[in-house]
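Peer 1: The structure that follows is given in the form of structure tokens.
In this note's numbering, the protein residues as written are 2 to 258.
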């Protein structure tokens, strides 16, 4: 029986529907193109593959040789559909190899017509674009984070500086995905703050791993709100539709205290 670890937000059993069927197979793991949040998902994926005793190796369609895989896994994240063309084209290249492909837990911005072996969807709203998908947790919730020091600062506000942002808070320009380049740096940055306001989903997840007070702010499509409703609310996260409203609520709560 696989047991939980106190360093994960969800127990390993929550990920068994994704990985248990891969036991005994030889699988290739394709990493989507992305930022430090995607690298955090990738690190969690590697940990979970090892925890479930899966025989796997990293692979890219650009590699000179395709090993004798039974199945290819396309990593989790928020890039299904055509919005992020680099990952759409990467999936085209993966699909052209002719091996069965499973999509690890993802969000969709539009439908995809390819026939995958299995598609795992990480939040409820994306099932509208992929009715055949299987709801499963974002793999970042299964990261074994280890130990980090306690907070030294009260409030950290970290907002995106890309097209997914909602509203423009011109006086605030700290995007954690531009400050950090590795999952450990992401966690180290989050560990400094007792309370965190952010619209970066996996920076919010870092804060939850570290048992910080987290307010997740909406992005420009359903991802953040749907992740909040599907998983994060039950893990103690709060949600706001606008960054300025979220910041003012935190300043107000601090003043009241």
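We put the beta carbon where it would ideally sit given N, CA and C, even for glycine.
Please say whether residue 84 and residue 127 have beta carbons closer to each other than 8 Å?
Peer 2: no
Peer 1: Alpha carbon to alpha carbon, what distance is there between residue 168 and residue 86?
Peer 2: 24 Å
Peer 1: Quick check: what's the CA-CA separation for residue 196 versus residue 244?
Peer 2: 14 Å
Peer 1: With three or more beta-carbon pairs closer than 8 Å as the criterion, would you say the segment 136-151 touches the segment 45-62?
Peer 2: yes
Peer 1: Beta-carbon separation of residue 157 and residue 201 under 8 Å?
Peer 2: no
Peer 1: Taking only runs that begin and end inside the segment 72-125, name each unbroken beta strand (DSSP E) of 3 or more residues, in chain order.
Peer 2: 72-75, 78-81, 102-109 and 119-122
Peer 1: For residue 32, which option in 15, 17, 53 and 57 has the closest C-alpha, if you only look at C-alpha atoms?
Peer 2: Among 15, 17, 53 and 57, the Cα nearest to that of residue 32 belongs to 57.
Peer 1: Here's the rule: buried if 16 or more other CB atoms are within 10 angstroms of the residue's CB, otherwise exposed. What is residue 115?
Peer 2: exposed
Peer 1: Taking contact to mean at least 3 C-beta pairs separated by less than 8 Å, is the segment 232-240 in contact with the segment 172-192?
Peer 2: no
Peer 1: Below 8 Å between beta carbons: does that hold for residue 191 and residue 160?
Peer 2: no
Peer 1: If you follow the alpha helix (DSSP H) that residue 187 is in, where does it begin and where does it stop?
Peer 2: Segment 184-192, the alpha helix (DSSP H) holding residue 187.
Peer 1: Measuring only the C-alpha atoms, how far is residue 235 from residue 10?
Peer 2: Cα atoms of residue 235 and residue 10: separation of roughly 11 Å, rounded to the nearest angstrom.
Peer 1: Closer than 8 Å by C-beta to residue 97: which residues in its own chain qualify, once you throw out the five before and the five after it? Chain order, please.
Peer 2: 62
Peer 1: Alpha carbon to alpha carbon, what distance is there between residue 179 and residue 164?
Peer 2: 14 Å
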